[in-house]
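Notes for the one structure printed next.
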Amino acid sequence: MTLSSSLLLVVGLLVTAALAWAAVVSARRRTTALTAAGVAVPGGRRAYLGIGLTIAGVGVLAIATAGPAAMVPVPRAAGTVILAIDVSNSMGADDVAPTRLAAAQRAARGFVAAQPDSVDIGVVAFERGALTTARPDADHSIALKAIDRLKITGGTSLGTAITGSLSAITGKQVVFGRDGAAPDIGYWPSATIVMFSDGQNQGADVERAATVAQGAGVHIHTVGVGTTAGATVKVDGYHLQTSLEEDTLTLIAQTTGGAYHPASDTARLDGIADTIDLRLTVSDEPLPLAGGLIGLALALLTAGAALTVLRSGRVI
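All letters in the sequence shown, in the order written, are residues -22 to -1, 1 to 294 by mature numbering (1 follows the signal peptide of the UniProt record, and there is no 0).
Encoded structure:
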């Protein structure tokens, strides 16, 4: 239990002790005087029950004024979420209306809106490279503005998307060594990556990057944007066929302990926030006890006053 003011508690308990001492001294003097006069003391100890309840009420009220609070473990969604959004040329396909990127942006905005303030959200745009467009922050309006600014450009590297997202989480550049050695980035169990992509990949280091995320305790949920039937997209004057590639997205999710979420139409994308479960963390939060103690103090004071009035016709 914690207190907002230990000084108030000390003062309150000293006042309570003084009242108790005064009541005892007064009772002894009264008893001595009545005995000396040959008058029997009525009620014995029960005669002082009302005063005792009143003093107990004052003591409880003294504790309440000190602002006591109990630390209670509360599970809640918390931590860091990186929205990694594919902005490669293939995301301009219109097999998901109006385009894959526009649909992914709308789904990402819905995901941000569904998260509590306890979740820090960042945005990483990726094609062949990855750029952190919004660092993780509890101010979700920053992430929403970053999502709105996304434009289509370049090819796709899902491995770079993962390492870029890990860089945003750790705050330092995550790269493989010249000999291919995986970087040691520590352990980040409260971090999650949500990747929106059509799964088309032109990089070769997807599995290695996913393994780094797995070792760091970072789950990656992948959202497949597009259809397996695909569509034609125009790039540099050429018409290219592009379709959703689910195998790579599924591999990334399974390797890191996340899940793959197919979203072949706008309706399924709009509800994606409801299908992704972020890990719950347990944190201690203060539960104020003053209200309950004040209620108990009032009950004791009322009972004490009532008993005193019934016994002597006086409140104290």
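A virtual CB, placed ideally from N, CA and C, is assigned to each residue, including glycine.
Inset, instruction - Go through its chain and collect everything with a Cβ distance to residue 262's Cβ below 8 Å, but skip five positions before and after it. - result: 49, 50, 51, 52
Legend entry - Buried or exposed by the 16-neighbour rule on C-beta atoms within 10 Å, applied to residue 4: exposed
Inset, instruction - May I have the straight-line CA-CA distance separating residue -22 from residue 273, to the nearest angstrom? - result: 19 Å
Legend entry - Cβ shell of residue 148 (< 6 Å), same chain only, five flanking positions each side left out: 163
Inset, instruction - Can you tell me which of the three DSSP states residue 263 falls into? - result: strand
Inset, instruction - Return helix, strand or coil for residue 165, following the three-state DSSP convention. - result: coil
Inset, instruction - Report yes if the CB atom of residue 121 is closer than 8 Å to the CB atom of residue 108, and no otherwise. - result: no
Legend entry - Pairwise C-alpha distance: residue 191 and residue 85: 24 Å
Legend entry - Whole-angstrom distance between residue 265 and residue 95, CA atom to CA atom: 20 Å
Legend entry - Span of the beta strand (DSSP E) around residue 147: Where residue 147 is concerned, there is no enclosing beta strand (DSSP E), although the alpha helix (DSSP H) it sits in stretches over 136 to 148.
Inset, instruction - Give the secondary structure of residue 89 by DSSP, where H, G and I count as helix, E and B as strand, and everything else as coil. - result: helix
Inset, instruction - Please list the segments of the beta strand (DSSP E) lying wholly inside the stretch 202 to 285, counting only runs of 3 or more residues, in order along the chain. - result: 209 to 213, 216 to 220, 238 to 241, 258 to 266
Inset, instruction - Could you say which of 194, 59, 205 lies nearest to residue 73 if we only look at CA atoms? - result: 205
Inset, instruction - Report yes if the CB atom of residue 247 is closer than 8 Å to the CB atom of residue 38, and no otherwise. - result: no
Inset, instruction - State whether the stretch 160 to 174 contacts the stretch 30 to 47, with contact taken as three or more CB pairs (one from each stretch) at a distance under 8 Å. - result: no
Legend entry - Selection from 134, 183, 166, 133 that minimises the alpha carbon distance to residue 155: 183
Inset, instruction - Kindly indicate the opening and closing residues of the alpha helix (DSSP H) around residue 109. - result: Here residue 109 belongs to no alpha helix (DSSP H); instead the beta strand (DSSP E) covers 108 to 115.
Inset, instruction - Note down, in chain order, each residue of its chain lying with its Cβ closer than 8 Å to the Cβ of residue 127, except the 5 sequence neighbours on either side. - result: 111
Inset, instruction - Assign residue -22 to one of three DSSP states: helix, strand, or coil. - result: coil
Legend entry - residue 286 versus 11, 27, 93, residue with shortest Cα-Cα distance: 27
Inset, instruction - For residue 197, count neighbouring Cβ atoms within 10 angstroms of its own Cβ and tell me buried if that reaches 16, exposed if not. - result: buried
Legend entry - Collapsed DSSP secondary structure at residue 160 in the structure displayed: coil
Legend entry - Classification of residue 58 by the beta-carbon crowding that lies within 10 angstroms, buried from 16 upward: buried
Legend entry - According to DSSP, residues forming a beta bridge with residue 57: 97
Inset, instruction - Would you kindly report the start and end of the unbroken alpha helix (DSSP H) that includes residue 65? - result: Taken as a continuous stretch (DSSP letters only), residue 65 belongs to no alpha helix (DSSP H), as it is neither H nor E.
Legend entry - According to DSSP, residues forming a beta bridge with residue 46: -20
Inset, instruction - If I'm right that residue 87 touches residue 176 with Cβ under 8 Å, what's the distance once you round it to whole angstroms? - result: Their Cβ separation, rounded to whole angstroms, is 19 Å, which puts residue 87 and residue 176 out of contact at 8 Å.
Legend entry - 7 Å CB neighbourhood of residue 237 in its chain, flanking five on each side removed: 199, 231
Legend entry - Residue closest to residue 125, alpha-carbon to alpha-carbon, out of 166, 136, 81: 81
Inset, instruction - Determine the direct distance from the alpha carbon of residue 222 to that of residue 216, and round the result to whole angstroms. - result: 19 Å
Inset, instruction - Within 10 angstroms of the Cβ of residue 214, are there 16 or more other Cβ atoms? Answer buried if so, exposed if not. - result: exposed
Legend entry - Test item: CB-CB of residue 40 and residue 2 under 8 Å: no
Legend entry - residue 160 burial status per 10 Å Cβ neighbour count (16 or more: buried): exposed
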